[in-house]
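The following block contains the structure:
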């Protein structure tokens with residue numbers, strides 16, 4: 698049996714995990730409807746999120762009460778639900794991106810490609826920017842316009858614009874910011 702200090706540390710870790718989980722879960726409850734241009738409830742994943750949260754909490758409670766077998770079982774079920782949730786989250790991000798950009802390639806005019814990264818998490822946006830930079834490098838004399846937003850919708854400064862600027866700099870791409878919320882990379 699764990700001493701009181703070890704139990705307290707486990708409780709703090711469990712609460713942190715649940716808060717992180719709830720935060721992540723709340724971010725994927727919406728999907729982008731390309732036809733209407735609106736966010737819609739991503740209701741198909743809600744049962745998975747609820748199940749995952751219950752299993753995380755149940756596994757922690759079982760472990761703290763000494764029922765290791767049940768804790769192991771609930772933990773495995775929670776990991777499975779987390780995998781399902783991550784897959785659904787990736788599908789929602791792809792749908793959101795494609796809805797805003799008229800498909801995976803973005804909006805294109807001769808010599809210029811525009812990607813709207815609104816609504817994506819930083820890691821998701823950077824993945825798409827890396828792919829776009831790689832594709833644009835082949836086409837000399839072209840411009841890649843990245844709509845990153847100004848961060849007016851949140852209480853904290855936006856992380857996406859700074860992360861995209863840093864990525865472009867690290868990739869050795871010449872870029873400028875013609876106005877707030879738009880980065881323009883030249884190849």
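Numbering (my numbering), first residue to last: 698 to 884.
Even glycine gets a Cβ: it sits at the ideal position worked out from N, Cα and C.
C-alpha gap between residue 773 and residue 793, whole angstroms: In the chain shown, residue 773 corresponds to position 76, counting from 1. In the chain shown, residue 793 corresponds to position 96, counting from 1. Their Cα atoms are separated by approximately 30 Å.
For residue 841 versus residue 829, is the C-beta spacing smaller than 7 Å? Taking the chain shown and counting its residues from 1, the one referred to as residue 841 is at position 144. Taking the chain shown and counting its residues from 1, the one referred to as residue 829 is at position 132. For residue 841 and residue 829, yes; Cβs fall inside 7 Å.
Test item: CB-CB of residue 822 and residue 857 under 7 Å: The residue you call residue 822 lines up with position 125 of the chain shown. The residue you call residue 857 lines up with position 160 of the chain shown. Less than 7 Å divides the Cβ of residue 822 from the Cβ of residue 857.
What number of angstroms, rounded off, separates the C-alpha of residue 798 from the C-alpha of residue 809? Here residue 798 refers to the residue found at position 101 when the chain shown is read from its first residue. Here residue 809 refers to the residue found at position 112 when the chain shown is read from its first residue. Cα-Cα distance, rounded: 14 Å.
Nearest to residue 833 (by Cα), restricted to the options 758, 777 and 869: Locating residue 833 in the chain shown gives position 136, counting from the first residue. Closest in C-alpha terms to residue 833, from the list 758, 777 and 869, comes 869.
Alpha-carbon to alpha-carbon, residue 758 and residue 871: What you label residue 871 is simply residue 174 of the chain shown in a count that begins at 1. What you label residue 758 is simply residue 61 of the chain shown in a count that begins at 1. So the two alpha carbons sit approximately 53 Å from each other.
Cα-Cα separation, residue 756 to residue 781: On the chain shown, residue 756 is found 59 positions in, with the first residue counted as 1. On the chain shown, residue 781 is found 84 positions in, with the first residue counted as 1. Looking at the two C-alpha atoms, the distance is approximately 18 Å.
Beta carbon of residue 875: closer than 6 Å to some heavy atom of the ligand MG? The ligand content of the structure shown is nil, which means the ligand MG is not present either.
What are the partner residues of residue 747, as DSSP defines its beta bridges? Within the chain shown, numbered from 1, the residue matching residue 747 stands at position 50. The partner list for residue 747 (beta bridge, DSSP) is empty, contrary to what the question assumes.
Output the boundary residues of the beta strand (DSSP E) element that contains residue 811. One-based indexing of the chain shown puts residue 811 at position 114. Residue 811 -> beta strand (DSSP E) spans 809-813.
Which class does residue 847 belong to by DSSP, given the choice of helix, strand or coil? One-based indexing of the chain shown puts residue 847 at position 150. Correct three-state label for residue 847: coil.
Same chain, Cβ closer than 7 Å to residue 847, five either side skipped, listed in chain order: On the chain shown, residue 847 is found 150 positions in, with the first residue counted as 1. These residues qualify, in order along the chain: 855, 877 and 878.
With burial defined as no fewer than 16 other Cβ atoms inside 10 Å of the residue's Cβ, what is the status of residue 827: buried or exposed? To locate residue 827, count along the chain shown from 1; it is residue 130. Residue 827 is exposed by the Cβ-count criterion.
Residue 729 to residue 837, Cα distance in whole Å? The sequence position of residue 729 within the chain shown is 32, counting from 1. The sequence position of residue 837 within the chain shown is 140, counting from 1. Only weak support exists for where residue 729 lies, its pLDDT of 49 falling under 50; the value from the coordinates is given anyway. Going from the Cα of residue 729 to the Cα of residue 837 covers about 33 Å.
What three-state label does DSSP hand residue 819 in the structure shown? By one-based count along the chain shown, residue 819 stands at place 122. In the three-state reduction of the DSSP assignment, residue 819 falls in the helix class.
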